[in-house]
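Under the numbering used here, the residue at position 133 of the sequence shown is numbered 146, and the numbers go up by one with no gaps.
Here the structure comes first, spelled out in structure tokens, and everything after it is commentary.
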Amino acid sequence: MNSPFWSLVMRYFLEFFSMVPCAVLCFLPVQDRLRRKPLNLFLTGIPLSLLWAFAGGLVCADFGIPRDFWILPSFILFAVFFHRVCDLALWKPFSILLSVCAVFSCITNLTLFADALIDRTNTSGLFTLPGAGIHLLLSVLIVAIVWYPATHAAKWLVDDIEMAKTWYIFWVFPAAFFLLNRLIRPRYYETLYTNRVMKFYPILILALLTFLLLFYFMFYLMASEMNQNTRLLRENELLQLQSAQYRNLQRSIDETRIARHDLRQHLTVLSGYAANKDLDAISDYLASFRKHMMPEWLPSYCENQAVNAILSYYAQIAEKAGTALEIQAQMEKEIPVPEPEFCVLLGNLLENAVDACRENNESGAIKVHIRQTGTSLIAITVDNPCRKPPVLEGKRFLSTKHSGPGIGTQSIRLIAERHRGDARFEWKNGMFYASVILIPSAES
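This is how it looks when you write it as structure tokens:
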């Protein structure tokens, strides 16, 4: 095999390897949704890509096979692999792949223009060696340019935009754009030298590339606006639910206070029985009282009365459900967040824990830790036994009471975000861990 053969192999190799940056760009928006570690994919993917490009160069150069016969089946295999390695529904990886291909079709057309300037007599259907080098350089350059948008804006779209109809429509434009770039690509370089085509062709390609990137940017802005509107609607619904829950909780607390206030009426009855020395009546009345009457005192867990009432209320419910609340609360009388919001957040955490223990017949204790650091931080953890792992849909827990995501966990997350904090939920080894941090602002 002579030097021209290896020169041809190198031309094929550079063209094939120019597609590796395209594959890298596909993985950037989904790096947190991969079923394998990104570093492992990179360390195995690059050597395999080199081997694939070199093998393709040898096969195509030796047997005179057009490059598309090597690229097309490889593209199909990559598309299947990309879908399998991503923890996403089919329509998202498909849209990402088409979007990247549309961008790189512009890069190929720009390279074709540069290659025509290098050798206008090239009719092999393959870039010259310098042209293939330019193709690889432009491919790496475009990945470097869009690296930040791909790892931030595009990543946000993949993670947060769950409306399938949006993605069903999105793929149409990049697919049409890719086909357009294929159609305007001249078969022979001499076509570019006809009339004034050479002057307008690069301007047309750059304009199309700019238009494509602007379309992606506009899609991001529209998706962001739609997501903001959806979030506001969801917040309003959750606020209404929170208000209703807080009113119900307040009603239960008021009933407890009324029961304590009415205790003196029971004492009057007992005094009458005692005056008549009717011990049997006293015994019967006390038995009935013990069965139906709420406790005449509330345990003191912290200095804040509302929080103490919430903790006492759910401690009583947990006890009736056959479990116990182990509470450690370090809170001041005044808390730096609105009291109704904090009570709703704490109530949701405790209600979820008690319900999980009741539904699964758990016997272990629910451990509650609350710590307030002045006006700068409030940390809450609620750990409860839970033998069955909760069902996840994306990043949201599904409710056991109705179809769809759990409202309580959504409410907790929203309140935490509103106070510059964070809420995390994790199931591990038969335990469910809920952790919330609130960082109140000065306005709170």
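All C-beta atoms, glycine included, are put in the ideal place defined by N, C-alpha and C.
Which runs of the alpha helix (DSSP H), 4 residues or longer, sit entirely within the region 72-160?
Counting whole runs of 4 or more residues, the region 72-160 contains the alpha helix (DSSP H) stretches 81-98, 104-131.
With DSSP collapsed to three states, give me the class of Val185.
Counted from its first residue, the sequence shown places residue 185 at position 172. It is helical.
Less than 7 angstroms between C-beta atoms, sequence neighbours within five positions excluded: which residues of the same chain meet that for Leu71?
Residue numbering aside, residue 71 sits at position 58 when the sequence shown is read from its first letter. Counting only Cβ-Cβ distances below 7 angstroms, and skipping sequence neighbours, we find Val22.
Alpha carbon to alpha carbon, what distance is there between Leu85 and Leu363?
Working through the sequence shown from its first residue, we reach residue 363 at position 350. Working through the sequence shown from its first residue, we reach residue 85 at position 72. Between Leu363 and Leu85, the C-alpha separation is close to 56 angstroms.
Measuring CB to CB, does Lys346 end up less than 8 angstroms from Glu316?
For the purposes of this step, residue 346 is taken as residue 333 along the sequence shown, with counting starting at 1. For the purposes of this step, residue 316 is taken as residue 303 along the sequence shown, with counting starting at 1. Yes, the pair counts as a contact, with Cβ atoms nearer than the cut-off.
Closest to Asn367 by C-alpha separation, out of Thr388, Ile330, Leu390, would be which residue?
Taking the first residue of the sequence shown as position 1, residue 367 is located at position 354. Here residue 367 turns out to be Val, not Asn, going by the sequence shown. Ranking Thr388, Ile330, Leu390 by Cα distance to Val367 puts Ile330 first.
Within the same chain, show all residues whose beta-carbon is closer than 6 angstroms to that of Phe29, passing over the 5 residues directly before and after it, in chain order.
Within the sequence shown, residue 29 is the residue found at index 16, counting from 1. Same-chain partners within the cutoff: Ala66, Gly69.
Please report how far the alpha carbon of Glu309 lies from the alpha carbon of Asn361, in whole angstroms.
Here residue 309 is taken as the residue at index 296 of the sequence shown, counted from 1. Here residue 361 is taken as the residue at index 348 of the sequence shown, counted from 1. Reliability of the predicted coordinates at Glu309 is poor, the pLDDT of 49 falling under 50, and the value obtained from them is presented with this limitation in mind. Roughly 25 angstroms separates the two Cα atoms.
Going by DSSP in three states, Ser448 sits in which element: helix, strand or coil?
Residue mapping note: residue 448 aligns to position 435 of the sequence shown, counting from 1. DSSP places Ser448 in strand when its eight states are reduced to three.
According to the neighbour-count rule (16 or more other Cβ atoms, all chains shown, within 10 Å of its Cβ), is His148 buried or exposed?
Counting from one through the sequence shown, the residue named residue 148 turns up at place 135. Looking at its Cβ environment, which holds 16 or more other Cβ atoms inside 10 Å, His148 is buried.
Got a sec? Which residues, its chain only, sit under 6 angstroms from Met32 by beta carbon, not counting five neighbours each side?
As a working mapping, residue 32 is identified with position 19 in the sequence shown. Counting only Cβ-Cβ distances below 6 angstroms, and skipping sequence neighbours, we find nothing.
Is DSSP giving Asn397 helix, strand or coil here?
If you number the sequence shown from 1, residue 397 lands on position 384. Correct three-state label for Asn397: strand.
By DSSP, does Lys441 sit in helix, in strand, or in coil?
In the sequence shown, counting from the first residue as 1, residue 441 sits at position 428. Here Lys441 sits in strand by DSSP.
Is the beta carbon of Ala167 closer than 8 angstroms to that of Pro42?
Against the sequence shown, residue 42 aligns to sequence position 29. Against the sequence shown, residue 167 aligns to sequence position 154. In this structure, Ala167 lies closer than 8 angstroms to Pro42 by Cβ.
Start and end of the alpha helix (DSSP H) containing Ala166?
The count along the sequence shown starts at 1 and reaches residue 166 at position 153. Segment 166-173, the alpha helix (DSSP H) holding Ala166.
Given this structure, state the Cα-to-Cα distance separating Ala236 from Val116, to the nearest angstrom.
Working through the sequence shown from its first residue, we reach residue 236 at position 223. Working through the sequence shown from its first residue, we reach residue 116 at position 103. Using only the alpha carbons, I get a separation of about 20 angstroms.
Here's the rule I'm using: 16 or more other beta-carbon atoms within 10 Å means buried, otherwise exposed. How should Leu56 be labelled?
Within the sequence shown, numbered from 1, the residue matching residue 56 stands at position 43. The residue is exposed, with fewer than 16 neighbouring Cβ atoms inside 10 Å.
Give the DSSP-derived three-state secondary structure of Ala342 in the structure shown.
In the sequence shown, counting from the first residue as 1, residue 342 sits at position 329. The answer is strand: DSSP assigns Ala342 an E or B state.
Express the C-alpha separation of Pro34 and Leu64 in angstroms, rounding to a whole number.
Numbered from 1 along the sequence shown, position 51 holds the residue referred to as residue 64. Numbered from 1 along the sequence shown, position 21 holds the residue referred to as residue 34. Straight-line Cα distance between these residues: approximately 15 angstroms.
Checking 8 angstroms against the spacing of the C-beta atoms, do Ser87 and Ile120 come in under that value?
Here residue 87 corresponds to residue number 74 of the sequence shown, with the count starting at 1. Here residue 120 corresponds to residue number 107 of the sequence shown, with the count starting at 1. No, these two residues do not count as a Cβ contact at 8 angstroms.
Contact between the region 216-231 and the region 134-148: three or more CB pairs below 8 angstroms?
No, the region 216-231 does not touch the region 134-148.
In the DSSP assignment, the beta strand (DSSP E) including Arg24 goes from what residue to what residue?
Position 11 of the sequence shown, counted from the start, is the residue given in the question as residue 24. Segment 16-30 is the alpha helix (DSSP H) holding Arg24; no beta strand (DSSP E) there.
Would Ser424 be called buried (16 or more neighbouring beta carbons within 10 Å of its own) or exposed?
Taking the sequence shown and counting its residues from 1, the one referred to as residue 424 is at position 411. So Ser424 ends up on the buried side.
Residues bridged to Ala337 by DSSP?
Position 324 of the sequence shown, counting from 1, holds the residue named residue 337. Partner(s): none; Ala337 has no beta bridge.
Would you mind giving the Cβ-Cβ distance between Val37 and Val171, rounded to the nearest angstrom? I have them listed as a contact below 8 angstroms.
Translated into the one-based positions of the sequence shown, residue 37 becomes position 24. Translated into the one-based positions of the sequence shown, residue 171 becomes position 158. About 16 angstroms; that fails the 8 angstroms criterion.
Determine the contact status of Arg400 and Gly335, defining contact as a CB-CB distance below 8 angstroms.
Residue mapping note: residue 400 aligns to position 387 of the sequence shown, counting from 1. Residue mapping note: residue 335 aligns to position 322 of the sequence shown, counting from 1. Taking 8 angstroms as the Cβ cut-off, Arg400 and Gly335 do not qualify as a contacting pair.
Would you decide whether Ala287 is buried or exposed? Buried here means 16 or more other CB atoms lie within 10 Å of its CB.
Sequence index remark: in the sequence shown, residue 287 carries index 274 (1-based). The residue is exposed, with fewer than 16 neighbouring Cβ atoms inside 10 Å.
In this structure, does DSSP put Gln44 in helix, strand or coil?
Taking the sequence shown and counting its residues from 1, the one referred to as residue 44 is at position 31. The answer is coil: DSSP assigns Gln44 none of H, G, I, E or B.
If I measure Cβ to Cβ from Phe18 and keep anything under 7 angstroms in the same chain, skipping five residues before and after, which residues do I get?
Working through the sequence shown from its first residue, we reach residue 18 at position 5. Only Ala74 meet the Cβ criterion.
Hey, quick one: how far does the beta strand (DSSP E) through Arg384 stretch, first residue to last?
Stepping through the sequence shown from its first residue, residue 384 is reached at position 371. Start and end: 379-386.
Taking the alpha carbon of Tyr327 as the point to measure from, which residue in Ile379, Phe95, Arg48 has its own alpha carbon closest?
For the purposes of this step, residue 327 is taken as residue 314 along the sequence shown, with counting starting at 1. The shortest C-alpha separation from Tyr327 is found at Ile379.
Only counting the same chain, and skipping five residues up and downstream in sequence, which positions put a Cβ closer than 8 angstroms to that of Glu339?
The count along the sequence shown starts at 1 and reaches residue 339 at position 326. Excluding positions up to five away in sequence, the list reads Ala378, Ile379, Lys380, Val381.
Would you say Val350 and Ile383 are within 8 angstroms of each other, going by their C-beta atoms?
Mapped onto the sequence shown, residue 350 falls at position 337. Mapped onto the sequence shown, residue 383 falls at position 370. Not a contact, by the Cβ cut-off of 8 angstroms.
Is Asn240 closer than 8 angstroms to Ile174 when the C-beta atoms are compared?
Indexing the sequence shown from 1 puts residue 174 at position 161. Indexing the sequence shown from 1 puts residue 240 at position 227. Result yes, Cβ atoms of Ile174 and Asn240 sit closer than 8 angstroms.
How many angstroms separate the CA atom of Leu142 from the CA atom of Arg24?
If you number the sequence shown from 1, residue 142 lands on position 129. If you number the sequence shown from 1, residue 24 lands on position 11. Distance between the alpha carbons of Leu142 and Arg24: 5 angstroms.
Measure the alpha-carbon distance for Gly417 versus Gly285 and round it to whole angstroms.
In the sequence shown, residue 417 corresponds to position 404, counting from 1. In the sequence shown, residue 285 corresponds to position 272, counting from 1. With a pLDDT of 48 at Gly417, under the threshold of 50, the modelled position of that residue is not reliable, and no figure is offered here.
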